[in-house]
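Engineer: In numbering that gives the first Met the number 0, the protein residues as written are 0 to 122.
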Amino acid sequence: MSIKLTEGAIAMLSSGDAKEVDVKPVLQVVDLRVVNTQNQSSGTERYRIMLSDGIYLQQGMLATQQNDLVRSERLQKGSIVQLTQFVCNDIQNRRVVLHHSLPLFINDANVVHQGLLAVGYII
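(1) Decide if residue 64 is buried, meaning its Cβ has at least 16 other Cβ atoms within 10 Å, or exposed.
(2) Three Cβ pairs or more, each shorter than 8 Å: is that satisfied between the region 76-87 and the region 21-28?
(3) Going by C-alpha to C-alpha distance, which of 87, 51, 83 sits closest to residue 109?
(4) Under a three-way DSSP split, which group does residue 105 fall into?
(5) Give me the Cβ distance between residue 69 and residue 46, rounded to the nearest whole Å; I'm assuming they're in contact under 8 Å.
(6) What's the C-alpha gap between residue 97 and residue 59?
(7) For a minimum of 4 consecutive residues, which ranges assigned as the alpha helix (DSSP H) are wholly contained in the region 24-95?
(8) Enumerate in chain order the residues of its own chain whose CB-to-CB distance from residue 105 is below 7 Å, with the five nearest sequence positions on each side excluded.
(9) Give the straight-line distance between the Cα atoms of residue 14 and residue 72, rounded to the nearest whole angstrom.
Now the structure itself:
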C-alpha cells in the first residue's frame, strides 16, 4: 500500500493558515514519547508527538482521549496518520497543535523522511 504524505502541510500548520475544515493532511509519526506535565497528579499521561510531511517536522500534543492508541501500540513511530481534528494555539511564543483525532492508515511503516524542524517555535 502506497500512501503519499501531504507535503507542505507542516508549513501551513506553523503559519496558522491550516484550519481543520480546510485541510486533512496525511503525515508520518517520527517520534512519540511521554512528557512530564505540571498536572501529573491527575494520573493521565500526556504524549508529545512529532509528525513529518516529508519536508518539515512539527511537534504537538496528543489529546488524552487518544492515549489508548499509544498504549495498544496502534500508534507508534513510523505510523502514517491523517489529522482530522486539531487545534492550533499560540502559547508563550510557540505554536501548540493539539491532535484530537488521528485515523491510522499504516501503523508500523519505516520512517520515510525525518524532515527539518519547521521555522519558528512549534510544539
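Glycine included, C-beta positions come from ideal geometry on N, C-alpha and C.
Structural biologist: Result, derived from the coordinates:
(1) Residue 64 comes out exposed.
(2) These segments touch.
(3) Answer by Cα proximity: 51.
(4) Looking at residue 105 - three-state DSSP - the assignment turns out to be strand.
(5) Between residue 69 and residue 46 the beta-carbon gap is near 6 Å, inside 8 Å, which marks them as a contact.
(6) Residue 97 and residue 59: Cα-Cα distance of roughly 6 Å.
(7) Fully contained in the region 24-95 are the following alpha helix (DSSP H) runs of length 4 or more, in chain order: 66-70.
(8) The residues are 0, 2, 78, 79.
(9) So the two alpha carbons sit approximately 31 Å from each other.
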